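Per the working numbering: the sequence shown = residues 69 to 719.
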Amino acid sequence: MLPRLAFRLIGAILTASSLSGLLAAQNFDMVGHDRRIVALGGLMHFHPGDDPTLAWARPDFDDSSWSLIRGDENWYVQGYPKLAGFAWYRFDVTLPSYTGPLALWIPMIATNFQVYADGRLIGENGTMPPRAQPRYAQNLVLPIPDDPTRSGRSLSIAIRVWHYPSELEQYGGIQESMQLGDASLMTEWQTHRSHELFWANTQFGIAGLVCLLAGLGSLWLFFMRPADREFLWFGVWEIVNVLLISAYASFRSVNVVVWMVGQAILIAGLNVSLPIMIRHFRKINRSRLYWAAIAVALLDCSLDFLVTFNWISVAVHFEIGAVMKFMIGVLNCGLLFAPSRESKAEKWVFALPLGFDFLNLTFNYLAFALVARGVVWAARYLDLFFNGITDRPFPLGTYQATGIAVQLALFAVVLLRFARTRSEEERYKTELEAARIVQQVLVPSEIPTVPGFAVENVYKPAGQVGGDFSQIIPIANGGVLIVIGDVSGKGMPAAMTVSLLVGTFRTLAHYTQSPAEILAAMNQRMMARSSGGFTTCLVLTVSAAGRLTAANAGHIAPYVNGSELSLINGLPLGLSAHEQYIESVFPLAAGEQLTLITDGVVEARATSGELLGFERVKGLVTHSADSIVRAAQNYGQDDDITVLTLRLAPA
């Protein structure tokens, strides 16, 4: 059934089109060959201006003095290149003797219009001045009211058009041939035309789908890796692209002003997010070039607002806009070539298609400016811009071609970035594993047995490799030498510093058991590295008789039976080469518990953000090392945790 209807429809239209050239001016015939459709592409009477009394809509109005214009092209290419505002079309159609329902199919008329049949309003789009609301609309079917007295005579059609002066496409009036005929066939033709419009906009649909998938994928990468902000801005840029290339206006009636304002905002978002994305991709600072790119993007957006509300002419908008597009391209390409430690290949992969894209936009704006000035031949380039390259497998113009090239370049940059990041992660993972092995050797998990002392040492790093360290070494007089510390920073640098300090401490323990001398030597070793950072450290000895000697380099003071010992504090290691550390001496009675902790215990953080704090820690330090660690972890571990407890056994 559908193929037969389609064959009838196309055959009727072809027959109507082949005979339309033989018709008299402004009179179209539906009687000849018993046609059920007539193509209204021939000559019509045309007159610029308006008649507010609507006398020009009456069928008996004498329009013989009006000009003739074809009904299958806009008035721009037919001698009215600078016409904006009102104009009228008039023509007659000779009807057959039957009185079946008729309808008028309208492809697109720019911008607002009213259609009159025998003086009666049968349909309109938008509202007319003085309270005009310009609207885009196309592929409309307007039923013509039945009138038995009309059978076998002429039907008078009058179309009142108002072209919005600030519409960026200056082609006013009827854009292509209308069709009039049997109402059922007009409905079929409308459906057929919807399919054609869908196919003509396939390039935008495919581009939108690609941008949507790329944008969502990039945003997912950002949420997985929040530190890589280039993925965030790439996703934002792609999502704005999706909204910008929407072909919604091709299928629905939309308010022209709202549409133009929305497009202006989206273009601003696209052009502003571009330099931000480039800055994060290239890892460069916010330079004057960067701020200039954003400023020009905002100025370009302001032009769209000015022309939308008739504050500047369309020609001026496109002339200044051409300069703006060129500057945006130059500034963003300049950002790509700004000095950076990032890959040089990426900037060439992205800069070439991006430069061609903005150069293409510049020429397009120049062509629009010429068209706005009445240079008709410039419209040929606009056809090339939108769909003039090829129609296989779908219509494609230079606009989409350069846009696709930019998309492919960005995909390549993302792939290069991902491959490089993965390589760096693998290298970092290998280095981290090596550091973990070294740390395991230098910071053994087993506690040495020291006669006369009960020692517990629990270490819970926040990551694979921690920055805390502690050592327990028996000394010759039956006592014990202890060190506990916390290296600033995280990951690989902290792990290597731990390894350095533990190795230094073990070496020094063979030559001296003085806490102050050990701290001074460790400080000199830290200063020699010249890599920045610092380390809090506490060194103490406990003799078999219970004499506790301690020197502190900015670490948390030790506790004895829950009371904090008052030590003379020195600067942390690695801050001053001339720092002198002073020893403090305390008695430790048999059965009393000495507790040493790192700041991971005090700075345990609850989900509410509240810290465990020193007051709560005072109530914990009399417990076993394992109990203290579990309490801090249950509260909310936020850093490496080390707890060391020591008791002097009774004689």
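Every residue gets a Cβ at the ideal spot worked out from N, C-alpha and C, and that includes glycine.
All values derive from a computational prediction rather than experimental measurement.
**Prompt:** Shortest alpha-carbon distance to Ala155 belongs to which of Gly397, Phe181, Ser133 and Gly534?
**Reply:** Counting from 1 along the sequence shown, the entry for residue 155 is found at position 87. Ranking the options by Cα distance to Ala155, first place goes to Phe181.
**Item:** Cβ shell of Pro116 (< 6 Å), same chain only, five flanking positions each side left out
**Value:** Working through the sequence shown from its first residue, we reach residue 116 at position 48. These residues qualify, in order along the chain: Leu151 and Ala155.
**Request:** Decide if the region 468-486 is in contact with the region 416-435; the criterion is three or more beta carbon pairs, one per stretch, under 8 Å apart.
**Result:** yes
**Asked** Below 8 Å between beta carbons: does that hold for Ala383 and Ala440?
**Response** For the purposes of this step, residue 383 is taken as residue 315 along the sequence shown, with counting starting at 1. For the purposes of this step, residue 440 is taken as residue 372 along the sequence shown, with counting starting at 1. Yes, these two residues count as a Cβ contact at 8 Å.
**Prompt:** By Cβ distance below 8 Å, which residues in the same chain neighbour Asn545 in space, the five residues on each side in sequence not counted?
**Reply:** Counting from 1 along the sequence shown, the entry for residue 545 is found at position 477. Excluding positions up to five away in sequence, the list reads Ser611 and Ala612.
**Proximity to Ile380 [Cα-Cα], best of Gln468, Glu235, Thr609 and Glu256** = Translated into the one-based positions of the sequence shown, residue 380 becomes position 312. When only C-alpha atoms are compared, the closest one is Glu235.
**Proximal residues to Arg673 (C-beta, below 7 Å), its chain only, five neighbours per side dropped** = Reading the sequence shown from its first residue, position 605 is the one you call residue 673. Correct list, in chain order: Leu679, Gly704 and Asp706.
**Asked** Where does the unbroken beta strand (DSSP E) through Glu660 begin, and where does it stop?
**Response** For the purposes of this step, residue 660 is taken as the residue at position 592 of the sequence shown. First-last for Glu660: undefined, no H or E at that position.
**Item:** CB of Met112 within 8 Å of CB of Gly139, strictly
**Value:** Counting from 1 along the sequence shown, the entry for residue 112 is found at position 44. Counting from 1 along the sequence shown, the entry for residue 139 is found at position 71. Yes, Cβ-Cβ distance for Met112 and Gly139 is below 8 Å.
**Asked** What are the residues that DSSP puts in a beta bridge with Ala107?
**Response** Counted from its first residue, the sequence shown places residue 107 at position 39. Ala107 pairs with Gln247.
**Cβ-based burial, Ser286 [other Cβ within 10 Å; buried from 16]** = In the sequence shown, residue 286 corresponds to position 218, counting from 1. Under this definition Ser286 is a buried residue.
**Tyr745, buried or exposed, once every other Cβ within 10 Å from all chains shown has been counted against 16** = Nothing in the structure corresponds to residue 745, since the chain is present only between 69 and 719.
**Gly534 to Arg350 span [Cα, whole Å]** = As a working note, residue 534 is residue 466 in the sequence shown. As a working note, residue 350 is residue 282 in the sequence shown. Between Gly534 and Arg350, the C-alpha separation is close to 32 Å.
**Asked** Is the beta carbon of Val551 sitting closer than 8 Å to the one on Cys605?
**Response** Locating residue 551 in the sequence shown gives position 483, where the first residue counts as 1. Locating residue 605 in the sequence shown gives position 537, where the first residue counts as 1. Closer than 8 Å, so yes.
**Gly402 versus Ala618: straight-line alpha-carbon distance, rounded** = Locating residue 402 in the sequence shown gives position 334, where the first residue counts as 1. Locating residue 618 in the sequence shown gives position 550, where the first residue counts as 1. The alpha-carbon atoms of Gly402 and Ala618 are separated by roughly 60 Å.
**Supposed close pair Leu312, Ile346 - CB separation, criterion 8 Å** = For the purposes of this step, residue 312 is identified with residue 244 of the sequence shown, where counting begins at 1. For the purposes of this step, residue 346 is identified with residue 278 of the sequence shown, where counting begins at 1. Not a contact, Cβ separation roughly 18 Å.
**Request:** Output yes or no for whether 8 Å exceeds the beta carbon distance between Phe114 and Tyr144.
**Result:** Indexing the sequence shown from 1 puts residue 114 at position 46. Indexing the sequence shown from 1 puts residue 144 at position 76. No.
**Request:** Measure the CB-CB distance between Arg228 and Ala125 and report whether it falls below 8 Å.
**Result:** The residue you call residue 228 lines up with position 160 of the sequence shown. The residue you call residue 125 lines up with position 57 of the sequence shown. Yes, Cβ-Cβ distance for Arg228 and Ala125 is below 8 Å.
**Asked** Could you check where the beta strand (DSSP E) with Ala618 kicks off and where it finishes?
**Response** In the sequence shown, the residue the question calls residue 618 occupies position 550. Run containing Ala618: Arg615 to Ala621, per the beta strand (DSSP E) assignment.
**Request:** Express the C-alpha separation of Gly283 and Trp416 in angstroms, rounding to a whole number.
**Result:** Your numbering for residue 416 matches position 348 in the sequence shown. Your numbering for residue 283 matches position 215 in the sequence shown. Whole-angstrom Cα-Cα distance: 22 Å.
**Asked** In the DSSP assignment, what are the bridge partners of Asp536?
**Response** By one-based count along the sequence shown, residue 536 stands at place 468. For Asp536, which the question treats as bridged, DSSP gives the partners Asp554.
**Three CB pairs or more closer than 8 Å across the region 614-630 and the region 688-700** = Below 8 Å, enough C-beta pairs join the region 614-630 and the region 688-700 to call them touching: three or more.
**Message:** For Leu90 and Phe159, what's the separation of their Cα atoms in angstroms?
**Reply:** On the sequence shown, residue 90 is found 22 positions in, with the first residue counted as 1. On the sequence shown, residue 159 is found 91 positions in, with the first residue counted as 1. Confidence in Leu90 is poor, its pLDDT being 37 and thus under 50, which makes the residue's placement unreliable; the coordinate value appears in the next sentence. Counting only the Cα atoms, Phe159 lies some 15 Å from Leu90.
**Item:** Whole-Å CB distance - Ile352 paired with Trp301, under 8 Å assumed
**Value:** As a first step, residue 352 is located in the sequence shown; it is residue number 284 there, counting from the start. As a first step, residue 301 is located in the sequence shown; it is residue number 233 there, counting from the start. With a Cβ gap of about 13 Å, Ile352 and Trp301 do not count as contacting.
**Request:** Can you tell me the Cβ-Cβ gap for Ile212 and Leu170, rounded? I've got them flagged as a contact below 8 Å.
**Result:** Here the question's residue 212 lines up with position 144 in the sequence shown. Here the question's residue 170 lines up with position 102 in the sequence shown. At roughly 4 Å, the Cβ-Cβ gap stays under 8 Å, so Ile212 and Leu170 are in contact.
**Message:** Whole angstroms are fine: how far does the CA of Met564 sit from the CA of Thr498?
**Reply:** As a working mapping, residue 498 is identified with position 430 in the sequence shown. As a working mapping, residue 564 is identified with position 496 in the sequence shown. Going by the C-alpha atoms only, they are around 14 Å apart.
**Request:** Could you tell me which residues DSSP pairs with Lys528 in its beta bridges?
**Result:** Translated into positions along the sequence shown, residue 528 becomes position 460. Answer is Ile709.
**Asked** By how many angstroms is the C-alpha of Ala480 removed from the C-alpha of Leu281?
**Response** Taking the sequence shown and counting its residues from 1, one reaches residue 281 at position 213. Taking the sequence shown and counting its residues from 1, one reaches residue 480 at position 412. Straight-line Cα distance between these residues: approximately 15 Å.
**Message:** In whole angstroms, give me the CA-to-CA distance for Gly638 and Gly547.
**Reply:** What you label residue 638 is simply residue 570 of the sequence shown in a count that begins at 1. What you label residue 547 is simply residue 479 of the sequence shown in a count that begins at 1. When rounded, the distance between both Cα atoms is 25 Å.
**Message:** Cutting at 7 Å between CB atoms, please list the residues of its own chain near Phe418, excluding the five before and the five after it.
**Reply:** In the sequence shown, residue 418 corresponds to position 350, counting from 1. Closer than 7 Å at the Cβ level, and outside the excluded window around Phe418, lie Leu404, Ala477, Leu478 and Val481.
**Asked** Since Asp160 is in the alpha helix (DSSP H), which residue starts that stretch and which ends it?
**Response** The residue you call residue 160 lines up with position 92 of the sequence shown. Segment Gly153 to Thr162 is the beta strand (DSSP E) holding Asp160; no alpha helix (DSSP H) there.
**Asked** Do Leu338 and Trp305 have their C-beta atoms within less than 8 Å of each other?
**Response** As a working note, residue 338 is residue 270 in the sequence shown. As a working note, residue 305 is residue 237 in the sequence shown. Result yes, Cβ atoms of Leu338 and Trp305 sit closer than 8 Å.
**Message:** Does the contact criterion of 3 or more C-beta pairs under 8 Å hold for the region 643-656 versus the region 567-587?
**Reply:** yes
**CB of Thr666 within 8 Å of CB of Asp708, strictly** = Numbered from 1 along the sequence shown, position 598 holds the residue referred to as residue 666. Numbered from 1 along the sequence shown, position 640 holds the residue referred to as residue 708. Yes, the pair counts as a contact, with Cβ atoms nearer than the cut-off.
**Item:** Local conformation of Gly725 per DSSP, three classes
**Value:** The structure shown has nothing for residue 725, since the chain only spans 69 to 719.
**Separation of Asn309 from Gly276, as counted between CA atoms** = The count along the sequence shown starts at 1 and reaches residue 276 at position 208. The count along the sequence shown starts at 1 and reaches residue 309 at position 241. Rounded to whole angstroms, Gly276 to Asn309 spans 7 Å at the Cα level.
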